[in-house]
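Sequences listed follow chains A and B, in order.
Quick note: the first sequence uses this note's numbering, first residue 1, plus one each step.
Quick note: the second sequence uses this note's numbering, first residue 366, plus one each step.
We put the beta carbon where it would ideally sit given N, CA and C, even for glycine.
Before any comments, here is the structure.
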Amino acid sequence: MADAAITAAKALFIILLVVQVMGLGVFFERKVSALIQDRIGANRAAILGFAGLGLVNTLIADPVKFLLKEDVVPAGTDRVLHFLAPVLSLVPVLVTFAVVPFGDVLEVGSRTINLQAADLNVGILYILAMVSLAVYGVVLGGWASNNRWSLLGGIRGSAQMISYEIAMGLALVGVVLAYGTLDLQAMARAQGHLLWGWLPAWGILYQPVAFLIFMTAGVAESKRIPFDLPEAESELVSGYFTEYSGPKHLMFMMSDFVEVVLVACLVTTLFFGGWQVPYLVRDGFHLPWGAALALPSWAVALLQVTSFALKLVFFTWLQIVIRWTLPRFRYDQLMRLGWQGLLPLGLANVVVSALVIVLAAGPAA
Amino acid sequence: MSPLIFLLLAALTVASALTVVVHKNPVHSACALVLTLCLLAVFFVGLDAQLVALLQVIVYAGAIVVLFLFVIMLLNLQVETRAMAGALLVGSAAAGGVALAALIFAALGRTVAPAAAVPAGFGETAALARQLFTAYLLPFELTSVLLLVAIVGAVALARKPT
Chain A
1 MADAAITAAK
11 ALFIILLVVQ
21 VMGLGVFFER
31 KVSALIQDRI
41 GANRAAILGF
51 AGLGLVNTLI
61 ADPVKFLLKE
71 DVVPAGTDRV
81 LHFLAPVLSL
91 VPVLVTFAVV
101 PFGDVLEVGS
111 RTINLQAADL
121 NVGILYILAM
131 VSLAVYGVVL
141 GGWASNNRWS
151 LLGGIRGSAQ
161 MISYEIAMGL
171 ALVGVVLAYG
181 TLDLQAMARA
191 QGHLLWGWLP
201 AWGILYQPVA
211 FLIFMTAGVA
221 ESKRIPFDLP
231 EAESELVSGY
241 FTEYSGPKHL
251 MFMMSDFVEV
261 VLVACLVTTL
271 FFGGWQVPYL
281 VRDGFHLPWG
291 AALALPSWAV
301 ALLQVTSFAL
311 KLVFFTWLQI
321 VIRWTLPRFR
331 YDQLMRLGWQ
341 GLLPLGLANV
351 VVSALVIVLA
361 AGPAA
Chain B
366 MSPLIFLLLA
376 ALTVASALTV
386 VVHKNPVHSA
396 CALVLTLCLL
406 AVFFVGLDAQ
416 LVALLQVIVY
426 AGAIVVLFLF
436 VIMLLNLQVE
446 TRAMAGALLV
456 GSAAAGGVAL
466 AALIFAALGR
476 TVAPAAAVPA
486 GFGETAALAR
496 QLFTAYLLPF
506 ELTSVLLLVA
516 IVGAVALARK
526 PT
């Protein structure tokens, strides 16, 4: 009973964390884009004269507006699939966070709680599997809308997502080779070592090429500029979710932003130490020059969760900045980058990583 | 997996598999196929084969059926009119069904429950990979050659005649 309650609490915590970061992502999207384009940005909505730098606008007014809008279902749609598509687009992405570790362990009384909602030994494959299911939301949304723009968007989306999933998977193969595990928590723990006694052994040092491939493929998976061909508004109105309004449209928007947070989560966990704070181990800080500071377990866990959340916010922000800096690709450029750029690079990365690991391990042990 | 959950899932799986065959709309059939594949993955999890379950979802549900859908959409298939069921078609289908049922019952009669619980680490990636790269190395590598042949064949077919 207590175990079930703890798991439920962990799942609730990570979902709330993700939704908070997603909200911040939407806020960045409005305000950072405004800064980049020399505008003021969302500043209309206010509560009693308090606009909170646009937070009231993006976090309260926008969602309320979405939820209260009429849900228009155009004639000639496939009603069942039209209803299912936004759900199929959001749910698979949301459930991936179950295997993302947000801290090391928390000791409460005699209990040691692993700060990860679901402890799967195939963690990273689980994420790939769920993300590969998210493509159905795009395809079915495009098809069920009975609209040519939507159908074109859906087809573009499915081709793009499948193409970049391959590059993403190859980048992950390099990472898995480096850590020798599929479990994200084990990967995060492995990054707690120090190189030469002072440099935290974060994944980016071992797999810089995989990081570049993964980040590119991740931005492509979330279907945002420069990879937003499926919803290119100057060509396809709004692509696969043209015929959606109100809450369903909100779900499509949310799934895009949750994917952004997911990419931030994975980049953090695989390449930037996850919840690791440099020099912080389970009993407190141990600085390389010998100084030490003992901390209770809850303080260590709190620092780790804060570190994870801050890294998450940073990489979400980075993706928003990428989106507002780069122009959109043409479709042939998109496919060329995926198949002729990232794919061979990913394969080369796997071969080189494997060679280095085998040579470093010496003759067959 | 408790018997009740198994029966529920089995009924769902059979229902969605039937939907694949009998539904008039090809897109709905493809969606039912995805559901069937995901439910089969749940059975793999119940059999302590998490890796196989996830590979099933990644490869079949996540990639192959998406391509099915892709083709269905590009061909713009309308709701299929059911082919006239001739006596020959019904007869051969019935014969095939009876033969399949006989096979399944014969197989069920020979099934024995495993004597011992599965060893620790069973179905985990490391255990599976060790089997794959020791006992089954040759078939494994031959399969990869087969896939390569398929890829080369697809490229050769897709190339425009010069």
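Asked, Found
"Whole beta strand (DSSP E) runs in the region 254–299 of chain A with 3 or more residues, listed along the chain?", "284–286 and 292–294"
"For the beta strand (DSSP E) containing A/Thr112, list its first residue and its last residue.", "Arg111 to Asn114"
"Identify the residues that DSSP records as bridge partners of A/Phe50: which are they?", "A/Ile47"
"In whole angstroms, give me the CA-to-CA distance for A/Ala51 and B/Leu373.", "52 Å"
"Check each candidate in A/Phe329, A/Ile322, A/Gly274 and A/Pro278 and name the one with the smallest Cα separation from A/Val305.", "A/Gly274"
"Could you say which of A/Leu303, A/Thr268 and A/Thr58 lies nearest to A/Leu280 if we only look at CA atoms?", "A/Leu303"
"Determine the chain B residues that contact A/Tyr136 at a beta-carbon separation under 7 Å, and present them in chain order.", "Val399"
"If contact means a Cβ-Cβ distance below 8 Å, which residues of the region 96–129 of chain A contact chain B?", "Leu120, Asn121, Val122, Leu125, Tyr126, Leu128 and Ala129"
"First and last residue of the alpha helix (DSSP H) that includes A/Gly165?", "According to the sequence displayed, residue 165 of chain A carries Glu and not Gly. Element bounds for A/Glu165: Arg148 to Tyr179."
"Taking buried to mean at least 16 other C-beta atoms within 10 Å of its own C-beta, is B/Met366 buried or exposed?", "exposed"
"Along the chain, where does the beta strand (DSSP E) containing A/Leu229 start, and where does it finish?", "That residue, A/Leu229, is in no beta strand (DSSP E); it is neither H nor E in DSSP."
"Would you please verify whether the beta carbon of A/Thr7 is less than 8 Å from any beta carbon of chain B?", "no"
"Per DSSP, what kind of secondary structure is A/Glu29 in: helix, strand or coil?", "helix"
"What's the C-alpha gap between B/Val436 and A/Gly157?", "14 Å"
"Which first and last residues belong to the alpha helix (DSSP H) in which A/Leu140 is found?", "Val135 to Ala144"
"Does DSSP classify A/Lys107 as helix, strand or coil?", "Inspection of the sequence shows that residue 107 of chain A is occupied by Glu rather than by Lys. Correct three-state label for A/Glu107: strand."
"Assuming the contact rule is C-beta atoms closer than 8 Å, A/Thr269 and A/Pro101 should be a hit. Round their C-beta distance to whole Å, please.", "7 Å"
"Going by CA-CA distance only, name the one from B/Ile370, B/Ala459, B/Leu507 and B/Thr401 that's closest to B/Gly411.", "B/Ile370"
"Would you mind stating whether A/Ile113 and A/Ile6 have Cβ atoms separated by less than 8 Å?", "yes"
"What does B/Ile423 touch in chain A if you count any residue whose Cβ is under 8 Å from its own?", "Leu125, Leu128, Ala129 and Ser132"
"From A/Ser307 to A/Val80, what distance separates their C-alpha atoms?", "43 Å"
"Check whether the region 419–427 of chain B touches the region 486–497 of chain B, taking contact to mean three or more Cβ pairs, one atom from each stretch, closer than 8 Å.", "no"
"Could you pull out every residue in the same chain whose Cβ sits closer than 8 Å to the Cβ of A/Leu343, ignoring the five residues on either side in sequence?", "Ile166, Ala167 and Leu170"
"Measure from the alpha carbon of B/Ile429 to the alpha carbon of each residue in A/Val135, A/Leu59 and A/Asn57, then state which is nearest.", "A/Val135"
"For A/Leu194, which three-state DSSP category applies?", "strand"
"Should A/Glu243 go down as buried or exposed, given a rule of 16 or more other Cβ atoms within 10 Å for buried?", "buried"
"Taking Cβ to Cβ, would you say A/Gln207 is nearer than 8 Å to A/Phe271?", "yes"
"Could you check what DSSP says for A/Ala365 in three-state terms: helix, strand or coil?", "Legend: pLDDT at A/Ala365 = 44, less than 50; position of this residue unreliable, value from coordinates given subsequently. Three-state result, A/Ala365: coil."
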